[in-house]
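Numbering (full-length UniProt numbering), first residue to last: 1 to 274.
Below: the structure, in structure tokens.
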Amino acid sequence: QRRLPLPSRQRERRGGPLMSSIREMASSCILGISLLVGTALPSLPVVATRECSPSMAFCDSSLDETTRVRDLIRRLTNPEKLFQLTNHGAGIRRLGIPAFEYWTEALHGVAHSQGVKFGGDYPFATSFPQVTTSAASFDRHMWRRIGSAVSTEVRAFHNAGRAGLTVWTPNINVVRDPRWGRSQETPGEDPYVASVYAVEYVRGLQKGDDRRYAKVAATCKHYTAYDMDSWNGTDRHHYDAIVHPIDLAETFLPPFQACVEVADAQSIMCAYNA
1 QRRLPLPSRQ
11 RERRGGPLMS
21 SIREMASSCI
31 LGISLLVGTA
41 LPSLPVVATR
51 ECSPSMAFCD
61 SSLDETTRVR
71 DLIRRLTNPE
81 KLFQLTNHGA
91 GIRRLGIPAF
101 EYWTEALHGV
111 AHSQGVKFGG
121 DYPFATSFPQ
131 VTTSAASFDR
141 HMWRRIGSAV
151 STEVRAFHNA
161 GRAGLTVWTP
171 NINVVRDPRW
181 GRSQETPGED
191 PYVASVYAVE
201 YVRGLQKGDD
211 RRYAKVAATC
221 KHYTAYDMDS
231 WNGTDRHHYD
241 AIVHPIDLAE
251 TFLPPFQACV
261 EVADAQSIMC
271 AYNA
């Protein structure tokens with residue numbers, strides 16, 4: 001089995017099972033992103049309201065992220081938590097938490113989606129070639145540069161209140177049939193290429209000048225074994241992907257393992273068949 005060449009820092013961090021890594025990451029990500037990166041739409045506040053006081057630990061930017069997220073979760077009621085489990089996170093006025101739209105598409109450029117609003121001084125964004133095309137270059141440095149350019153434009157849109165900072169990209173599903181319409185979104189049929197692409201694109205998206213913060217929160221999708229939308233009377237909402245453990249280990253899981261353990265992606269999107 002081929003393995004990604006990992007930097008020494010990442011070698012030290014590896015070792016835990018993939019699902020444990022995903023669960024640990026998700027526990028702080030879902031609620032923490034709305035606190036730490038801001039909001040999405042022009043009609044919503046870009047910063048926390050005056051109710052968010054440094055006397056509450058999650059409002060104190062001098063504290064570490066884990067402390068702030070745990071404090072926030074502790075203060076939420078169960079209904080308030082439930083309302084955070086959709087792409088549109090409802091605001092919590094009593095805590096000074098603004099609403100947040102998670103749905104920002106950026107597979108090969110900032111794209112129209114529920115969290116992105118084009119218009120005015122922001123009529124368009126740079127559109128790079130579809131992923132299946134740029135992946136065919138086998139140029140990992142270019143993949144990272146594209147990711148960096150895209151996240152810079154996401155930040156620009158966010159500064160104008162026209163986009164959130166969670167991007168639903170990259171799509172790293174391994175293609176098994178070229179007739180799948182969404183295959184153009186992916187790096188293709190090779191799990192090694194998909195893994196390397198995931199690492200470089202996610203790092204390009206997330207790494208900025210300030211190491212304390214991610215430029216955006218990348219979302220590796222769709223976990224896992226998803227490569228069918230509608231065929232022979234079956235659609236993606238109503239099928240069960242039954243995959244042999246060897247195929248999971250050798251083909252479908254490596255790109256997601258690379259996303260979590262090597263690239264430190266901030267979120268994972270599950271597939272409907274998961």
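For every residue, glycine included, the Cβ atom is placed at its ideal position computed from N, Cα and C.
Q) So does the region 135-154 actually touch the region 211-223, counting three or more Cβ pairs closer than 8 Å? A) yes
**Q.** Through-space distance from Ser113 to Pro191, alpha-carbon basis
**A.** 28 Å
Q: Tell me whether Arg162 is buried or exposed, calling it buried when 16 or more other Cβ atoms sit within 10 Å of its Cβ.
A: buried
Q: Counting only the same chain and skipping the five closest in sequence on each side, list residues whose C-beta sits under 6 Å from that of Tyr201.
A: Trp143, Gly147 and Pro170
Q: Identify whether Trp103 lies in helix, strand or coil by the three-state DSSP scheme.
A: Of the three classes helix, strand and coil, the one that applies to Trp103 here is coil, per DSSP.
Q.
Quick check: what's the CA-CA separation for Val116 versus His108?
A. 14 Å
Q: Return yes when the Cβ of Ala106 is within less than 7 Å of the Cβ of Val150, no when it is not.
A: yes
Q: Would you check if there are 3 or more beta carbon pairs closer than 8 Å linking the region 174-189 to the region 232-244?
A: no
(Q) With the cut-off set at 7 Å, would you say Thr224 and Phe252 are in Cβ contact? (A) yes
**Q.** Span of the alpha helix (DSSP H) around residue 277
**A.** Since the first residue of the chain shown is 1 and the last is 274, residue 277 is not available in this structure.
Q: Can you give me the start and stop residues for the alpha helix (DSSP H) that Met142 sits inside?
A: Arg140 to Asn159
Q.
Just verifying my parser: in three-state terms, what is the DSSP assignment at Pro255?
A. Here DSSP, grouped into helix, strand and coil, assigns Pro255 to helix.
Q: Measure the alpha-carbon distance for Val174 versus Arg182 and round it to whole angstroms.
A: 11 Å
**Q.** CA nearest to the CA of Ala265, picked from Met228, Thr166 and Leu82
**A.** Thr166
Q: Counting only the same chain and skipping the five closest in sequence on each side, list residues whose C-beta sits under 7 Å from that of Ser53.
A: Cys59
Q. Just curious, the alpha helix (DSSP H) that residue 289 is in, first and last residue?
A. Nothing about residue 289 can be read from this structure; the chain reaches only from 1 to 274.
**Q.** Assigned exposure category for Leu35 - 16 Cβ within 10 Å defines buried
**A.** In this prediction, Leu35 has a pLDDT of 43, which is less than 50 and means its spatial position is unreliable; nothing more can be read from the coordinates.
Q | Arg140 beta carbon less than 7 Å from that of Val196 | A | yes
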